[in-house]
Every structure is written in C-alpha cells, then in structure tokens.
Amino acid sequence: MTETTPLIQPGAQLERLYTGMAWAEGPVWLPDAGAVRWSDIPNDRILQFDAATGRVDAYRAGVEFTNGRTLDLEGRVVQCSHGLRRIERDVDGVVTPIVDRWDGVRFNSPNDVVVASDGAIWFTDPPYGILSDHEGHSAAPEYEGCFVFRFDERRGELRPVITDMVHPNGLAFSPDETVLYVSDTAGATQPGVPRHIRRYRVRDGACDQGETFALIGDGVCDGLRVDARGRVWASSATGVVVFDAEGARVGAIPVPEIVSNVCFGGEDGTTLYITASTSLYRIHINL
Numbered sequence: 002m003t004e005t006t007p008l009i010q011p012g013a014q015l016e017r018l019y020t021g022m023a024w025a026e027g028p029v030w031l032p033d034a035g036a037v038r039w040s041d042i043p044n045d046r047i048l049q050f051d052a053a054t055g056r057v058d059a060y061r062a063g064v065e066f067t068n069g070r071t072l073d074l075e076g077r078v079v080q081c082s083h084g085l086r087r088i089e090r091d092v093d094g095v096v097t098p099i100v101d102r103w104d105g106v107r108f109n110s111p112n113d114v115v116v117a118s119d120g121a122i123w124f125t126d127p128p129y130g131i132l133s134d135h136e137g138h139s140a141a142p143e144y145e146g147c148f149v150f151r152f153d154e155r156r157g158e159l160r161p162v163i164t165d166m167v168h169p170n171g172l173a174f175s176p177d178e179t180v181l182y183v184s185d186t187a188g189a190t191q192p193g194v195p196r197h198i199r200r201y202r203v204r205d206g207a208c209d210q211g212e213t214f215a216l217i218g219d220g221v222c223d224g225l226r227v228d229a230r231g232r233v234w235a236s237s238a239t240g241v242v243v244f245d246a247e248g249a250r251v252g253a254i255p256v257p258e259i260v261s262n263v264c265f266g267g268e269d270g271t272t273l274y275i276t277a278s279t280s281l282y283r284i285h286i287n288l
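Put into structure tokens, the structure is as follows:
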C-alpha cells in the first residue's frame, strides 16, 4: 500500500450509528465483545454499540463523568474519571481505582490514556473536569500546571513526563513506541496558544523536550490515534485529519459534527469509529 492509496475503502460512506449525546468522547474497541464503548460525558453515562446487531445500550450510568479509555495488556478497560479525578479500571462493571494523586495532591481531571507494551499507563491531565459542573465537579487545581503522567502500576511509581504543554489532551504512541504524540486543546479558549499536536521522543520511560508535529487548521485536535503504518488520525472541528509520520497532511474525512476522538475497530481494525459532538459514526478505511 502506498501513500496514494485512498484513506477510505471503495464505496465506503460515513455512517451515523447513534445520536442524542451531549458530548460523545472516549471510544474504545472491545474485541472480545465486538463492540465499541464510549462516554457521553455531560450526561454522565457510558454507552456501548454492538457491531453485529447494531444495538446501542447504556452500559453504565452515574459514572462520575468518564472520558478517555483504552485496554491494558490483559484486555481490561482502563479509563479516565473527571469526577473522581483518577485513572480507574472497569471489569464487567466493577470499577477499581488505579491512581488518583501525585506527590500528595489530586490530579486535575485525567482526560485520555494509553497503555504501553511494558504495561505502564500514560495519561493527560488537563482541567476540563474541574472548570465547572458540566463535565465533572468544579474545584480548584491542587498543583500548578497540566501534565502528562506515566504510572508504572507494578512498581507503584508515578511521575510527570511532560510539563511544558498548556492543556495536554489526546495522546498516542508511534508503532515502535519511540514517539509520543500529544494534542493541546488550550487554543480553543486561549488566544495565542498554538492549535497543534506535539511530538516527543521516548526513551526509558521519559520524554525529550518535544517539538511541533502538526498544526490543526480547523478548531483543535482533541483525541487521536496512530495506525500500524505510523499515520496519525487526528480529530478536528470539521472531521478526521490524517498525517504521515513526518507531519505532512495526507488526507481528511469530513464529519458534520465536531470530532472529539476516534478508534480503530472491527475484526481487522479497518473500521474507524468516530465520536463527534452528539453522535457516534463509523467508516471503513484502508490501513
């Protein structure tokens, strides 16, 4: 497959699978269930779409404003809780805390999360869940700044790995985990803050000083994912924008709502699920 291969499969159309959310976020593909799970943050619920039947169910409600989620090495859901200001694990509806404090103080409101191949949990900690009661609980921050953290669950070791961003939000590793991509969404409300994705070189569980990877022309990039070829699939105000590993834009998929996040799903990973404002979408792509 070459870079000239179309992003979407022949004849593929964007499908709206479900609508009616207040702000859809945090999709993850569950291979054992053949389903996508995602958050409706302001309505404080988690929904699940069964790809085989097309049915959508309310998986859980009263969930303390969960946001981003991923799978750990055992296939269990690890997710961010705005309301409880923590990272937690959800196994069949039984939720247990993983980490909620750094150096004795509470996090702001963990937003998105990835698990590396060594099992370490990396997550962003912007303030959106404490700015108001809309997506969490209004509260004062307990540390200065908004960091990206790495938590070694086996050793119980937590440390900030990125401290130079304003509002770090979405994050994803390159296929070989030598690069971490992180979006900054502060530009949506703070004039002068670059609307960009930053790229950090990773070595021994630490990040370098980083650099700008790509600028987002429409709105800001919220969530993002990286495919096996190293391409970055980034959310934007007008759709999903795709960049190659060097930061060159290779294409886009228009979406009629503001995109918050994406995930790859289906048996072969070629179904792109998209959370956008009030809806869940999908489209079949080429990888």
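In terms of our numbering, the sequence shown opens at residue 2 and continues consecutively. For each residue, glycine too, the CB sits at the ideal point set by N, CA and C. All values reported here derive from a predicted model rather than from experimental measurement.
Opening and closing residue of the beta strand (DSSP E) in which residue i lies
i	result
isoleucine 42	No beta strand (DSSP E) holds isoleucine 42; DSSP gives it neither H nor E.
isoleucine 163	158-163
proline 98	95-100
arginine 232	Counting along the chain, arginine 232 falls outside any beta strand (DSSP E), and DSSP gives it neither H nor E.
tryptophan 30	25-31
cysteine 264	260-266
histidine 285	280-285
aspartate 185	180-185
aspartate 153	149-153
glycine 171	169-174
Own chain residues within Cβ distance below 6 Å of residue i, not counting five before or after
i	result
arginine 70	Gly27, Val29, Val78, Gln80
alanine 253	Gly240, Val242
alanine 189	Val221
arginine 230	none
Cutoff 7 Å; reference residue i; Cβ partners in own chain excluding five residues on either side
i	result
leucine 100	According to the sequence provided, residue 100 is valine. The question's leucine does not apply to it. So the qualifying residues of the chain are Arg87, Ile88, Phe152, Leu159.
alanine 13	Ile284, His285
valine 64	Asp45, Arg46, Ile47
aspartate 62	Checking the displayed sequence, the identity of residue 62 turns out to be alanine instead of aspartate. Correct list, in chain order: Asp45, Arg46.
leucine 74	Val116, Gly120
aspartate 219	Ser237, Ala238, Thr239
proline 255	Thr239, Gly240
Same chain, Cβ closer than 8 Å to residue i, neighbours up to 5 away in sequence not counted
i	result
alanine 173	Val115, Leu181, Tyr182, Leu225, Arg226, Val227, Val233
tyrosine 19	Leu48, Phe50, Val57, Ser280, Leu281
alanine 53	Gly35
proline 142	Asn109, Pro128, Ile131
aspartate 126	Phe108, Asn109, Ser110, Pro111, Asn112, Cys147, Phe148, Val149, Phe150, Pro169
aspartate 33	Gly76
aspartate 104	Tyr144
Cβ-Cβ separation, residue j to residue i (assumed contact under 8 Å), whole Å
i	j	result
valine 1	cysteine 208	The chain is shown from 2 up to 288; residue 1 falls before or after that span and cannot be answered.
glycine 270	phenylalanine 214	Contact flag wrong, Cβ pair sits at about 23 Å.
arginine 199	glutamate 212	7 Å
serine 82	threonine 67	5 Å
Any C-beta of chain D under 9 Å from that of residue i
i	result
valine 92	Absent here is chain D; the protein component of the structure consists of one chain.
3 or more residues per run - each beta strand (DSSP E) lying fully within the segment 51-77: Fully enclosed beta strand (DSSP E) runs of 3 or longer: 57-62, 67-72.
Can you find at least 3 beta carbon pairs, one from the segment 33-47 and one from the segment 4-13, that sit closer than 8 Å? Two segments are said to touch when three or more pairs of C-beta atoms, one from each, lie closer than 8 Å; by this definition the segment 33-47 does not touch the segment 4-13.
Beta strand (DSSP E) runs contained entirely in the segment 188-252, provided each spans 3 or more residues: Within the segment 188-252, the runs of beta strand (DSSP E) that reach at least 3 residues and sit entirely inside it are, in chain order, 197-204, 212-216, 225-227, 233-236, 240-244.
Does the segment 141-151 come within contact of the segment 118-133, defined as at least 3 CB pairs closer than 8 Å? Yes, the segment 141-151 touches the segment 118-133.
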